[in-house]
Structures are given as C-alpha cells and as structure tokens.
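J.: Numbering (our numbering), first residue to last: 1 to 144.
Pasting in a structure now, in structure tokens, and then I'll have a few things to ask.
This is the structure in structure tokens:
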C-alpha cells in the first residue's frame, strides 16, 4: 500500500468542510502527512450571487476571497494547534476542474472534500463530487 504523504483538502463555508478538516488533521497527524488546504473561489457561485445582488462581480469576488482566506487561516490554526503540517492556498475557478489539477500539480496522495448528504443529489454539488472522483489522479474521500 502506498504511503500517505500529501492530502489536498477543499475548504469552504459548509459545515461538512469543517468535518473534512477534522478528518484531514487526524490523518495528517497519524500518517505524518502534509495537508494542502485550498479554498476555491467558485466562478459559478460568483455568477449566481451577482444575479441576485446589487454588488458588482468584483465586489462579490473580493468578499468570497476574504471569506476564503478566513477559512484557510482558521484551518491553519487548527492544524498547527494539533501539530499537523499544513499549507494554505486559494484558487479561482471551478472546483471540479481545479481540484484534479492541483492534485496532479502537488502530487497528492488523497483529496478530501466535505459534502452534505442531504443535498448529495443536488446538480451542482453532485456534479463536483462525481467529476472529481472520475478525474482525480489519486484517492478521493468524501466526508459527510
């Protein structure tokens, strides 16, 4: 069995993302792995929010970026407090495309994502998980 050295963790505002973080920290500590935590400013979310907001696309992007960095800094603090190694990055794009690309670029052994089991059949979230599992160059763990 291949060792677990690098874990790519997708972080966002979802509660399930925090469950995924907890699991990633547990694995990283027990396997001496490094977590590469990423927040992806999702282009679809930006577009959808712009339709229903008085804010410009640029303002929405800035707000999502700032929120994303907050999730990443919180994750970094949590991991380091438990003596797990972590690197944080932010990307802009579509998660189903960005995560496999990042997994290959960083040569990770596993991708961990959080997913709400009640909305698993949601077109967008289901599409992301399905495409990620199909195109990832490594193991994918979906945490509810």
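Idealized CB from N, CA, C, for every residue including glycine.
Expressed to the nearest angstrom, what Euclidean distance is found between the alpha-carbon atoms of residue 2 and residue 53?
T.: Taking the chain shown and counting its residues from 1, one reaches residue 2 at position 2. Taking the chain shown and counting its residues from 1, one reaches residue 53 at position 53. Distance between the alpha carbons of residue 2 and residue 53: 47 Å.
J.: Taking Cβ to Cβ, would you say residue 36 is nearer than 9 Å to residue 80?
T.: In the chain shown, counting from the first residue as 1, residue 36 sits at position 36. In the chain shown, counting from the first residue as 1, residue 80 sits at position 80. No, these two residues do not count as a Cβ contact at 9 Å.
J.: Keeping to the same chain, check which residues put their C-beta closer than 7 Å to that of residue 42; ignore five residues upstream and five downstream.
T.: As a first step, residue 42 must be located in the chain shown, where it is residue number 42. Cβ within range, chain order: 94 and 95.
J.: Leaving out five residues before and five after residue 138 in sequence, what residues of the same chain have Cβ atoms less than 7 Å from its Cβ?
T.: Taking the chain shown and counting its residues from 1, the one referred to as residue 138 is at position 138. For residue 138, where only same-chain residues beyond five positions count, the Cβ hits under 7 Å are 103, 108, 109, 110 and 111.
J.: Residue 89 and residue 73: beta carbons closer than 9 Å?
T.: If you number the chain shown from 1, residue 89 lands on position 89. If you number the chain shown from 1, residue 73 lands on position 73. Not closer than 9 Å, so no.
J.: Would you mind giving the Cβ-Cβ distance between residue 78 and residue 11, rounded to the nearest angstrom? I have them listed as a contact below 8 Å.
T.: On the chain shown, residue 78 is found 78 positions in, with the first residue counted as 1. On the chain shown, residue 11 is found 11 positions in, with the first residue counted as 1. Rounded, the Cβ-Cβ distance is 11 Å, inconsistent with contact.
J.: Tell me the DSSP bridge mates of residue 91?
T.: Position 91 of the chain shown, counted from the first residue, corresponds to residue 91. DSSP output for residue 91 lists 40 as bridge partner(s).
J.: DSSP on residue 139, reduced to helix/strand/coil?
T.: Counting from 1 along the chain shown, the entry for residue 139 is found at position 139. Correct three-state label for residue 139: strand.
J.: Per DSSP, what kind of secondary structure is residue 10 in: helix, strand or coil?
T.: Here residue 10 corresponds to residue number 10 of the chain shown, with the count starting at 1. The answer is strand: DSSP assigns residue 10 an E or B state.
J.: Excluding the 5 residues preceding and the 5 following residue 50 in the sequence, name in chain order all residues of the same chain whose CB lies nearer than 8 Å to its CB.
T.: Counted from its first residue, the chain shown places residue 50 at position 50. Only 56, 57 and 60 meet the Cβ criterion.
J.: Out of curiosity, what's the CA-to-CA distance linking residue 31 and residue 8?
T.: For the purposes of this step, residue 31 is identified with residue 31 of the chain shown, where counting begins at 1. For the purposes of this step, residue 8 is identified with residue 8 of the chain shown, where counting begins at 1. Using only the alpha carbons, I get a separation of about 14 Å.
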